[in-house]
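To start, the structure under review is shown below, and the notes come after it.
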Amino acid sequence: MTARHYLGIAEPLPENWSMSFPAFPGTVTTGGNFAELLTNGRDALASVVAAMEEDGAAIPESFDASPDEPGYDPADYHDPRIVLLSVEVGGRSVRINVTMDEGLVARLDRLADRAHASRSALLARGARMVLAVEAAEQA
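Quick note: the sequence shown uses the working numbering, first residue 173, plus one each step.
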C-alpha cells in the first residue's frame with residue numbers, strides 16, 4: 173500500500189465541524205471538534221477509497237499543489253480551513269500462499285460466488301476489516 177494525500181476543506185458550523193473533499197465529490201464528514209474532525213476525515217477517506225478499490229474504480233491522484241484543486245471554490249464556504257490528509261491506497265497485487273480449513277475455503281468460495289468477487293478480493297477485504305478494528309482499538 174502507498175499513501176496518497178488529499179485536500180480536505182474543514183468548516184466550523186454552529187454545533188460542530190464539517191469537512192468535504194474536492195477529489196471525492198459527495199464525501200462529507202463531521203466532528204464535534206477539530207481533532208475529532210481530522211480523525212473522522214481520515215476514516216471517511218479510507219472508506220471511500222476502499223469502496224472505490226472494491227468496485228475497481230480509479231482512485232484520484234494525490235493532491236500536490238494548492239487549494240486551487242478542481243472542485244474547490246472558496247466562495248462556497250463561510251470560514252474554510254484547508255487540511256491535507258493521507259490515506260493508504262492499494263498497490264500492485266502480490267501472490268501469496270494461504271493455508272486454511274477446507275470447510276472455511278468452501279464457505280468463502282460460496283460467498284465469493286454470491287458477491288461476484290474472487291476469493292482473493294474477499295480475503296483482502298477481510299484483512300482490511302481486521303486492520304481497521306486493530307487501528308480503532310489502538311486509538
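Just so it is clear, CB atoms sit at the ideal spot from N, CA and C, and this is done for glycine as well.
| Is the CB-CB distance between L280 and L217 below 8 Å? | Taking the first residue of the sequence shown as position 1, residue 280 is located at position 108. Taking the first residue of the sequence shown as position 1, residue 217 is located at position 45. Cβ distance not < 8 Å, so L280 and L217 don't count as in contact.
| said: On the criterion of 16 or more Cβ atoms from any shown chain inside 10 Å, does A180 qualify as buried, or is it exposed? | reply: Stepping through the sequence shown from its first residue, residue 180 is reached at position 8. Before going further, note that residue 180 is Gly rather than Ala in the sequence given. With 16 or more other Cβ atoms within 10 Å, it is buried.
| task | If I'm right that F196 touches V220 with Cβ under 8 Å, what's the distance once you round it to whole angstroms? | result | To locate residue 196, count along the sequence shown from 1; it is residue 24. To locate residue 220, count along the sequence shown from 1; it is residue 48. F196 to V220, Cβ: 5 Å. Contact.
| message | Using only the alpha-carbon positions, how far apart do E306 and E225 sit? | response | Position 134 of the sequence shown, counted from the first residue, corresponds to residue 306. Position 53 of the sequence shown, counted from the first residue, corresponds to residue 225. Taking the straight line joining both Cα atoms gives about 21 Å.
| said: Less than 8 Å between CB atoms is the rule here; does N212 satisfy it with respect to chain D? | reply: The chain labelled as chain D is not found in the depicted structure, where only one protein chain is given.
| Among N205, I268, G263 and V302, nearest to R291 - alpha-carbon criterion | Along the sequence shown, read from residue 1 onward, the residue named residue 291 stands at position 119. Selected option, being the one with the closest Cα: I268.
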